[in-house]
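Here is the structure we will look at.
Number of protein chains: 4
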Amino acid sequence: MIKVSIVGSTGYVGIELMRLLHQHPEVEILDLISKSSAGEKLIDIFPQFRGSKLEKYNLIAIEDFEPENSDLIFTALPHGVSQDITTELVGRGAKIIDMSGDFRYHDLEIYEKWYGVKHRHPEIARKAVYGLVELNREKIKKAELIANPGCYVTASLLGLLPIVKTGMADLSSIIIDAKSGVSGAGRSLKSSLLFTETHNTLKAYSPAVHRHSSEIEYILNKYLSGRYNSKSAENKKMKSNNLNNLNNTAEILFTPHLVPVKRGILSTMYINLNGKSSQEEMNELYRSFYENENFVQILENELPEIKNVAGSNYTQIACKYDDRTDRLIVISALDNMLKGASGQAVQNMNLLFGFPEDMGLKSTALFP
Amino acid sequence: MIKVSIVGSTGYVGIELMRLLHQHPEVEILDLISKSSAGEKLIDIFPQFRGSKLEKYNLIAIEDFEPENSDLIFTALPHGVSQDITTELVGRGAKIIDMSGDFRYHDLEIYEKWYGVKHRHPEIARKAVYGLVELNREKIKKAELIANPGCYVTASLLGLLPIVKTGMADLSSIIIDAKSGVSGAGRSLKSSLLFTETHNTLKAYSPAVHRHSSEIEYILNKYLSGRYNSKSAENKKMKSNNLNNLNNTAEILFTPHLVPVKRGILSTMYINLNGKSSQEEMNELYRSFYENENFVQILENELPEIKNVAGSNYTQIACKYDDRTDRLIVISALDNMLKGASGQAVQNMNLLFGFPEDMGLKSTALFP
Amino acid sequence: MIKVSIVGSTGYVGIELMRLLHQHPEVEILDLISKSSAGEKLIDIFPQFRGSKLEKYNLIAIEDFEPENSDLIFTALPHGVSQDITTELVGRGAKIIDMSGDFRYHDLEIYEKWYGVKHRHPEIARKAVYGLVELNREKIKKAELIANPGCYVTASLLGLLPIVKTGMADLSSIIIDAKSGVSGAGRSLKSSLLFTETHNTLKAYSPAVHRHSSEIEYILNKYLSGRYNSKSAENKKMKSNNLNNLNNTAEILFTPHLVPVKRGILSTMYINLNGKSSQEEMNELYRSFYENENFVQILENELPEIKNVAGSNYTQIACKYDDRTDRLIVISALDNMLKGASGQAVQNMNLLFGFPEDMGLKSTALFP
Amino acid sequence: MIKVSIVGSTGYVGIELMRLLHQHPEVEILDLISKSSAGEKLIDIFPQFRGSKLEKYNLIAIEDFEPENSDLIFTALPHGVSQDITTELVGRGAKIIDMSGDFRYHDLEIYEKWYGVKHRHPEIARKAVYGLVELNREKIKKAELIANPGCYVTASLLGLLPIVKTGMADLSSIIIDAKSGVSGAGRSLKSSLLFTETHNTLKAYSPAVHRHSSEIEYILNKYLSGRYNSKSAENKKMKSNNLNNLNNTAEILFTPHLVPVKRGILSTMYINLNGKSSQEEMNELYRSFYENENFVQILENELPEIKNVAGSNYTQIACKYDDRTDRLIVISALDNMLKGASGQAVQNMNLLFGFPEDMGLKSTALFP
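Protein chains in written order, with the working numbering: chain A, 6 to 373; chain B, 6 to 373; chain C, 6 to 373; chain D, 6 to 373.
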């Protein structure tokens, strides 16, 4: 039983953490910190927690929070804000899982360029361990500070990892067309997020220049250069790597879209192959890459769909080889609140504390 | 650990039963029976169950089903179809929870009038126990065959029970304006249920003549005549009953509406009071009536909303006393797939087998 | 050809006015006034007007607006704000149609009680003509200032007018359960109006105490006391009035609900009848009441649905007599942006200037 | 004033044709033919047409239809079904606009391969004129039989035409990731189109192998080989063509997605450029290409969004040059029922009969 606190409890990521953690058999929730709602009773803001263990909790201010009493702190704060608060919490006894983008880059020029913010704590950033479990499981187990990946990034990387090191992919050709539910935009008051502006419509935004482009490309290139060693990545059945290719760096083009669903990301990825392949070869590649993974499922007779993963921590992936154009289409679906944020964070927590990796994460999709 | 089978696994109610039961700590799922999909692998139809305990299951035909091996069978079949199949299963060793309307009435003329179907098994119908837990808990524990209540009915009865026996309500004045998500209409292929016909619109249907009118009125009048004895119903703090009133029978007017949400029912009820009351008195009445209930929550500072219960087995209820018109407005919200169907069925199962009533039902609403 | 200006062009009501007016054959749009967007090009904010007559317009500040050049001004401003600005515009040459609640009441105590705002211009308020065409057509034609009705109010009054003066209705029994699309809440930045908070859910709000209660009741009682004389209201086929009843005043109970649709209101109304009636009698009553009305349609073989009116200025109404409980259920549907706001305003404009009443308003619902 | 009939009136395309045509100032609707609803009154099936000119119409069977009395017939029938019925109508006096895929190909092997259907009337197919106005305006004016383009195809071609002949595009690199509203799938009873299956979710379907792939590629290559001569295509400001490139053929990869909106298509296209360009050059290219077009709008400071075109016949397009990867991203949005089907058909009708091209098509998007 570990003691866990959440800083930033009233955003969507914080709500989802509370929902998952209060039912986790090895977790006792200690403090729920909120700037905007300090002093309020939790169930007065979130009536969905009536009747649960959370019924008695009040939200507290960060000033009243004593991090030393927690074994683990989740920081669920906006980018730019998190770096200072998280830095203050580091080294005060608790492990930390940060949900923001602030600690996902060791090369801070990239962060600073794409986020348009100065990083004020480079030494902390460089100690952070990137929390994409399927890529980085062993380092996560020993981390002090975990940088939980972004939702678009998780959906995209899980779809790309199996192919990029095989030598079969033209690494300069990767195009990611991603579609996200509106909860991914958070709870901030923007007129573009009003129901009347977002319902029954669809749009692209930030084509080619969205921040998550940089995170996908950065992590992909770290992976290509051998900086991660998860079991999946070492998979024995993988085709021997093409050395020339390993020298290459991936360059991705990423266009996100806002779709009128509450939760879920569907990422459609296009990769030119260097030569002929087959549907069977691609299925085998993907299946074997993830054969030991709990939360990544390769579909062969159907295609991923948000409704089959929303409410669960699973990612579903299908690949389609097009022999007409020698391209691979990879489609991945996940729940941006779960595998794309809070579910992945709980998966990281389970690794950190030696619990079974799927503890508290066994729910299947809520359908219908 | 009990062995449980589901007859009619591929409708929405069946899917939801599978979702709940495969994670229930005291349940082993034995057979999944389906007419339309017998012989198919479950995850080929419902990819959301990949990675779960259900991954290996195949659907089987009713002809291949041996009911003697199950401790409990859920029958999730259409009205009119269920009565024959369920009757065949009764007395073959397993307890049965029937999800249809076929066994909810002991007075079969009412059933036959409103359902337009002959009841071919009156002796079985009369042995069935009505499965609204908050009304009938003690009898449920000893039942052989439980008739699980309808979704509209559960939402409405839970809102009406506290007031109807107090003598304060004009029992002829009850109006129920209910709004249901589309999953309540099931999975049948009707053009009126197509996305393009149902999205971004709203309609009433069957005003005053919907079948569930009869179930609400029938159960309410049985309750008024003292035929149920749950703890809630015996609540000590209840106002002493007005004897004249007890002789009365309730007459309700019920109008359902179809709203473009996937799951959830919101029921708005209007009751004329016989005299002056106050918001405080009404709150106290409702709060005390359900004070020992796990799954019914009385809100006092906010109003029920589908998003706060969808994905959970909770019903949230608020009452609003209008002193201008001396009326009581009661608003209840529940998830039609959970407390309105499969969740309530699992609650019944827990009672039947002596498990904690909320076992496997502790999830809070999936929000956002 | 008349010159028309809009004060408050960038709210939803203003946008809808622009959409209708730029295609009206007798209208030239003169000035578009906006506080928040003065100086901006219209199509930079509303790209949907590219390619239309509105393409070249810029929004201007109220300070730069010369009302003398317009024949008609629409004021589409928030309640409380409109009264001052509209008052300043009165008497400067242009006729005015005000979309707010500020001029809908001659009895200002009612306004002040329900809106919680002082009315600073009682003399102007008392000169305003209530713009429900079907009730007040003759006075509208000669008005200087028209108070355009609220959306909930229009949907409800059109459903109630045929029955209330017949002597058949118990005027103290009227219950209105109304459901509105989210555009009815306007474009203001409230977290409760975010997509993620409003999609796939449903709630009631302000039961019994919503402002529009007072407007419905106020206008209904003015109508009962003979203060309006539209053709519809004088309909010859109407049952002779019960004198006792005419002395009565109506008391209504109104509960609005927010449903996840963009536009549209469905109002379900319940009225106790004083004696037996029949479906035929009710149909005949409603049909004859509106037989000369362009924009009110009585359905007899189907029920109103938002999708059949959204995008049009029509109201569809069905009545259902329930002989079990001697109640009348009336269901009305309209588009809150059209007949519930801007369409009705254009209808008023047509009357004011002697254009055919349906000019510019002939679109049928946009379905699918 | 021309006399127009519709064969296949009760599908979504037929409904939309009726909606547009009954308000067209030069059209008299003659016969409405329907197989499933022959003999029924139109407003009993589509209550939205009450109060309009269509109020009195009955649907008739094809057997009772005399094509000689019409000046123009729209055939709105399923692929494979249309070819026989349309062929019978050809040469009987009326011009024909066919909404199906049956007459869009002169090279029938392509049709037969992708549609999996034998073409039984090759001589008729070869006479048909492809009805993408912006590509083929002059031939359309003199056609006897017009093959109205598909919705995905219109959205994609309008986005691709400006760039493909410039020599700047790598014609083998074109990737189209398209997202369609559900009305595009028609009104057929498939469980995958039920509200509960389609709401709040998202999926890709038929990646790389959707029929519309072949239509996009086929028309694009005909255009590249100089077979169309619309004004747009001859645009003087166009970069001189790269001759090598003209010998090339385009090969496209097309992946459609189903999104939970009622109407609208958003198509996101990715093209590798052969060298460096700039945002300004691309904007200028697109703007000049369509400078004489009524219904195609190039956005430079914002991105296309379905809500800004749904309900209108406009297509909005933006292009984004990414200098990091030397790719062009083109995003187009249109209403699949209007510019993607019935609106484009009316545009074709206007050309055929010499009416102003935008007659009856001036509505701007219905927003909110």
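For every residue, glycine included, the Cβ atom is placed at its ideal position computed from N, Cα and C. What you are looking at is a predicted structure, and each value in this text was computed from that prediction instead of being measured.
Residue range of the beta strand (DSSP E) that Ser337 of chain D falls in?
Arg332 to Leu339
Verify the CB distance criterion: does Ile311 of chain A have a CB-CB separation below 8 Å to chain D?
yes
Measure the alpha-carbon distance for Ser283 of chain B versus Ser178 of chain B and round it to whole angstroms.
19 Å
Is it right to say Ile66 of chain A is buried, meaning 16 or more other beta carbons lie within 10 angstroms of its own, or is it exposed?
The sequence as given places Ala at residue 66 of chain A; Ile does not occur at that position. Burial call: exposed.
List, in chain order, every chain B residue whose beta-carbon is nearer than 8 Å to that of Val18 of chain D.
In chain order: nothing, as chain B lies at least about 12 Å away.
Below 8 Å, how does it come out for the segment 255–267 of chain D and the segment 202–222 of chain D: are there three or more Cβ pairs, yes or no?
yes
When the cut-off is 8 Å and only beta carbons count, does Tyr275 of chain B lie next to chain C?
yes
What are the boundary residues of the alpha helix (DSSP H) that includes Lys146 of chain A?
Run containing Lys146 of chain A: Val138 to Lys146, per the alpha helix (DSSP H) assignment.
Among the candidates A:Asp103, A:Leu371, A:Ile334 and A:Gly316, whose CA atom is the shortest distance from the CA of Ile322 of chain A?
Selected option, being the one with the closest Cα: A:Ile334.
Of all the options C:Met6, C:Val95 and C:Thr206, which has the alpha carbon lying nearest to the alpha carbon of Arg131 of chain C?
Closest option to Arg131 of chain C, judged by alpha-carbon separation, among C:Met6, C:Val95 and C:Thr206: C:Val95.
Could you say if the segment 100–118 of chain B and the segment 18–27 of chain C meet the contact criterion of at least three C-beta pairs nearer than 8 Å?
no
Determine the chain B residues that contact His204 of chain D at a beta-carbon separation under 9 Å, and present them in chain order.
Within chain B, the residues near His204 of chain D are Val187, Phe200, Thr203, His204, Pro265, Val266 and Lys267.
Would you identify the three-state DSSP class for Met287 of chain C, choosing helix, strand or coil?
helix
Mind checking if Glu93 of chain D is an interface residue toward chain B, Cβ cutoff 8 Å exclusive?
no
Hey, could you find the ends of the beta strand (DSSP E) Gln302 of chain A is sitting in?
Val301 to Ile303
Grab the span of the beta strand (DSSP E) containing Val9 of chain D for me, first residue to last.
Ile7 to Val12
DSSP state of Leu356 of chain B, grouped into three classes?
The three-state reading of DSSP puts Leu356 of chain B in helix, counting H, G and I together.
Would you decide whether Leu1 of chain A is buried or exposed? Buried here means 16 or more other CB atoms lie within 10 Å of its CB.
Nothing about residue 1 of chain A can be read from this structure; chain A reaches only from 6 to 373.
Taking only beta-carbon atoms, is Arg192 of chain B less than 8 Å away from chain D?
yes
Tell me, which residues are paired with Asp182 of chain B by DSSP?
B:Thr260 and B:Thr273
Using a Cβ-Cβ cut-off of 8 Å, state whether Ile48 of chain B counts as contacting chain D.
no
Which ranges would you report for the alpha helix (DSSP H) in the segment 69–106 of chain D if only whole runs of at least 4 residues count?
Those alpha helix (DSSP H) runs which fall completely within the segment 69–106 of chain D and span 4+ residues are 87–94.
When you check each C-beta in the segment 211–222 of chain D against every C-beta of chain A, which residues fall closer than 7 Å?
Pro212 and Ala213
Please identify the residue among D:Phe200, D:Val158 and D:Val314 whose C-alpha is closest to the C-alpha of Thr369 of chain D.
D:Val314
Where does the unbroken beta strand (DSSP E) through Asp36 of chain C begin, and where does it stop?
Val32 to Ile38
Decide if Tyr325 of chain C is buried, meaning its Cβ has at least 16 other Cβ atoms within 10 Å, or exposed.
Here residue 325 of chain C turns out to be Lys, not Tyr, going by the sequence shown. It is buried - the Cβ of Lys325 of chain C has at least 16 other Cβ atoms within 10 Å.
Counting along the chain, where does the alpha helix (DSSP H) carrying Thr159 of chain C start and finish?
Per DSSP, the unbroken alpha helix (DSSP H) holding Thr159 of chain C starts and ends at Cys156 to Val169.
Would you kindly work out how many angstroms separate the C-alpha atoms of Met6 of chain C and His29 of chain C, rounded to a whole number?
10 Å
Take the Cβ of Ser10 of chain B as the centre, count every other Cβ of all protein chains shown within 10 Å, and call the residue buried at 16 or more, exposed below.
buried
Nearest-angstrom Cα distance between Gln349 of chain B and Lys147 of chain B?
16 Å
If you compare alpha carbons, which of A:Leu26, A:Ser272, A:Glu31 and A:Gly359 is closest to Tyr157 of chain A?
Minimum Cα distance to Tyr157 of chain A is reached at A:Ser272.
Of the residues D:Asn355, D:Asn74 and D:Gly186, which one's Cα is nearest the Cα of Leu339 of chain D?
If we check each option's Cα against that of Leu339 of chain D, D:Gly186 comes out closest.
Applying the criterion that 16 or more other CB atoms from any shown protein chain within 10 Å of the CB defines a buried residue, is Pro341 of chain D buried or exposed?
The sequence shown places Asn at residue 341 of chain D, not Pro. So Asn341 of chain D ends up on the buried side.
Taking Cβ positions only, does Ser196 of chain C come closer than 8 Å to chain A?
yes
Once DSSP output is grouped into helix, strand and coil, what is the label at Leu278 of chain D?
Reduced to three states, the DSSP call for Leu278 of chain D is strand.
Evaluate Asp69 of chain C with the Cβ neighbour count: other Cβ atoms within 10 Å of its Cβ, from every protein chain shown; 16 or more gives buried, anything less gives exposed.
It counts as exposed.
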